[in-house]
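First to last, the sequence lines map onto chains P and G. In this text, residue positions in the first sequence follow this note's numbering: the first is 330, and each later residue adds one. In this text, residue positions in the second sequence follow this note's numbering: the first is 330, and each later residue adds one. In this text, a Cβ means the ideal position worked out from N, Cα and C, and glycines have one as well. Here the structure is a predicted model, which means the values were calculated and not measured. Here the structure comes first, spelled out in structure tokens, and everything after it is commentary.
Number of protein chains: 2
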Amino acid sequence: MSKTPAETGEERLIAKYFAPLAKYPGALGLLDDAATLTPPAGSDLVLTKDAIVGGVHFFPDDPADAVACKALRVNLSDLAAKGATAAGFLLALALPKSVTAGWLKAFARGLGEDAENYACPLLGGDTVRTPGPLTVSITALGFLPHGEMVQRHGGSPGDRIVVTGTIGDAALGLKLLSGAKAAQRWKLDKNMRAHLLGRYRLPQPRTAVAVMLRKHASAAMDVSDGLAGDLAKLCRVSGVGADIDVTRLPLSDAARRVLAVQPALIETILSGGDDYEIVCAVSDSDAFIADAAALGVKATEIGRMTAGEGAPRFIGADGKALSLRKTLFSHF
Amino acid sequence: MSKTPAETGEERLIAKYFAPLAKYPGALGLLDDAATLTPPAGSDLVLTKDAIVGGVHFFPDDPADAVACKALRVNLSDLAAKGATAAGFLLALALPKSVTAGWLKAFARGLGEDAENYACPLLGGDTVRTPGPLTVSITALGFLPHGEMVQRHGGSPGDRIVVTGTIGDAALGLKLLSGAKAAQRWKLDKNMRAHLLGRYRLPQPRTAVAVMLRKHASAAMDVSDGLAGDLAKLCRVSGVGADIDVTRLPLSDAARRVLAVQPALIETILSGGDDYEIVCAVSDSDAFIADAAALGVKATEIGRMTAGEGAPRFIGADGKALSLRKTLFSHF
């Protein structure tokens, strides 16, 4: 008689930490090779994939639940910016040997809470060993009515440019984490520090406005690599330019305080990453802003698209365009 | 005037190597945050995700095109085993700094050729830096008629167990790569060595039988972690046991030669990984085997499912069940 085969370590790990999250029937309890789901009739599928790497996109000692939430939310932010409603996600987790049961438990708890809150269930994935840093790769999928995905392409000269939330907080939060001296100069109170750090650690994807974007926006994307560079991408694909009024940029109280001490950090605010807001082109900004407000999301008109493809101009209080050294955050 | 923003290194990398592969219209030239595609009416979506890590799932000096093909094919193998027709894939690529332009070029060439050959276009993805080993995470998606996904669950006592192709070659190929002494003892000729190595390096997903599986199979999965362990998983989920006739196992000439020299390696053949064949439960094995042959795929009946959940028994020429020390390959 052969022995009863022991389940493998990977199977036990999946059963213990991740199967409880796989509540969607088509996830088949993570006991199959694949997941299945039935697209709503008349819908298009929207797919996005973002990976985050320890030591590159998050600090190795960041709380495990925050890492999980960030990995999922950066994908949810992409779906929202396209006008899609999230349907589920797949997770590839590359684990170094040093990862503890406590870490995995907290990671799964954070992931499970977000999956619930954003109605985006775990559908499947893969767990592998790595001799390198912990790496989380998520593919998220959503649905929307056929032909209605909001693309980067589609902005026209004259369209108003609107952005949700506030800009630059996460980049300032990263500066706080990276050097204690900066924080001392800024003289931030406890709440302001917490605000900037929270904005870096935990993106708030603007899922609330996804459906509404389809109604209003001719072009949209999420701001993940800095407003200046991301808007430049949107303009390139749409074949337009943009004039942005820097005095109208939506800034948090903390960011205003930082700017008052170090005005040069407008560059960090414009070109740092991790905002996870939505920037879009609309013909009627008042209607967009009112509809967003009704959904609990602040939106602000910051400028307009101009004829002729070109880099966006960021025009300051003196009427002159800022000269940005670096418009876009990039690890490459 | 602000400067024209330089495209980032990541954008240039994507534009140079991967955008040429993104021929599917919904990939939007990899210039958007997400891809979109329209599911065929009445279809279900099938999703799978497998990641491979340098130094764990492939050798760091494996040819770049072979790494790309392996990463895609292990996912295509999953789709095929579920009866799904591939529709496209998303790629997350974590690159160490040491990766050269030549490596990327070969990787993209291999990936592009497979995407063409398997009619599974690149839809989108993410490229990130890692201080660790090169890691490739692919999410593949396919479609099939609503409700027709072939699951692991569904096998019944009395069902015949059929496997495609040959078993154990890849595990023996890995042994060849790992220790030159083994190869000398086996006295393999050049073709046999090449066969085993090729089977390890380049999976041949059984996409040809995917549609036919839906007609015949009550349960199926791909054999990626060793026949013994994978069949045990299938039996557990189906709530059955299995009796396998080891003398009927489909073996290549090379594997037969190895077994003649080292009979104990039947354990490697049964429990090594990387076969990427399909094992399934069918009520009419003759019909399945004939249909598979018509599609150019050899299939072999190797046993039957039995009542009562339990580990599969592998019965040798002497009528006794083999005692396997380890039924399943696992990195955990």
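- One alpha carbon belongs to P/A430, the other to P/A393, and they sit about 11 Å apart.
- For G/A410, at least one C-beta of chain P is nearer than 8 Å to its own C-beta.
- P/L563: member of the alpha helix (DSSP H) spanning L556 to S567, first to last residue.
- The criterion of a C-beta distance shorter than 8 Å is not satisfied by P/R577 and P/I618.
- DSSP, reduced to helix, strand and coil, places P/K345 within a helical segment of the structure shown.
- The three-state reading of DSSP puts P/M550 in strand, counting E and B together.
- Chain-order list of chain G residues neighbouring P/G637: empty, with the shortest C-beta distance near 12 Å, by a criterion of under 9 Å.
- By alpha-carbon distance to P/K544, the top candidate from P/A561, P/P474, P/R514 and P/V492 is P/P474.
- Residues of the segment 373-391 of chain P with a C-beta atom less than 8 Å from some C-beta of chain G are D373, L374, V375, L376, T377, K378, D379, A380, I381, V382, G384, V385 and H386, listed in chain order.
- Listed in chain order, the positions of the segment 468-502 of chain P with a beta carbon within less than 7 Å of a beta carbon of chain G are T468, H475, M478, Q480 and R481.
- For G/G454, the chain P residues whose C-beta falls within less than 8 Å of its own C-beta are K378, listed in chain order.
- The shortest C-alpha to C-alpha distance from G/V396 to any of G/R530, G/D603, G/L501 and G/S567 is the one to G/R530.
- Counted as a single uninterrupted DSSP element, the alpha helix (DSSP H) harbouring G/D443 occupies residues A430 to N446.
- By the rule that beta-carbons nearer than 8 Å mark a contact, P/P462 touches chain G.
- One thing to note: G/A413 has its Cβ within 8 Å of the Cβ of G/A539.
- Here the segment 457-473 of chain P makes contact with the segment 409-423 of chain P; the two share three or more CB pairs at distances below 8 Å.
- In the three-state reduction of the DSSP assignment, P/S372 falls in the strand class.
- P/F643 carries a strand assignment under DSSP once its states are collapsed to helix, strand and coil.
- Not one beta carbon of chain P lies nearer than 8 Å to the beta carbon of G/V538.
- Collapsing the DSSP output to three states places P/R481 in coil.
- The Cβ-Cβ distance between P/S600 and P/A561 does not fall below 8 Å.
- Fewer than three beta-carbon pairs drawn from the segment 506-515 of chain P and the segment 433-444 of chain P are found closer than 8 Å, and the two stretches are therefore not classed as touching.
- Under DSSP, the beta-bridge partners assigned to P/G417 are P/L470.
- Among the bridge pairs identified by DSSP, G/M521 is matched with none.
- With the rule of 3 Cβ pairs closer than 8 Å, the segment 485-504 of chain P does not count as touching the segment 443-462 of chain P.
- With contacts defined as CB atoms closer than 8 Å, G/A500 and G/T597 qualify as a contacting pair.
- Between P/T367 and G/M478 the beta-carbon gap is near 10 Å, outside 8 Å, which marks them as no contact.
- Taking C-alpha positions only, P/S547 is separated from P/L376 by approximately 20 Å.
- Using a Cβ-Cβ cut-off of 8 Å, G/R633 does not count as an interface residue toward chain P, since no Cβ of chain P sits closer than that to its own.
- Counting the other Cβ atoms within 10 Å of the Cβ of G/D379 gives 16 or more, which makes it buried.
- Scanning its chain for C-beta atoms nearer than 6 Å, with the 5 sequence neighbours on each side dropped, one finds around P/A410 the residues A549, M550, D551 and I607, in chain order.
- When the five nearest sequence neighbours on each side are left out, the beta carbons in the same chain lying within less than 6 Å of the beta carbon of G/R528 are those of D498, A499 and G502, in order along the chain.
- Excluding five sequence positions before and after G/L350, the CB atoms of its chain that fall closer than 8 Å to its own CB belong to A437, L440, G441, A444, P450 and L451, given in chain order.
- In the assembly as shown, P/P354 is an exposed residue. Its beta-carbon has fewer than 16 other beta-carbons within 10 Å.
- A direct Cα-Cα distance of roughly 17 Å separates G/I496 from G/L517.
- Within the segment 559-575 of chain G, A561 and V566 place their CB atoms closer than 7 Å to a CB of chain P, listed in sequence order.
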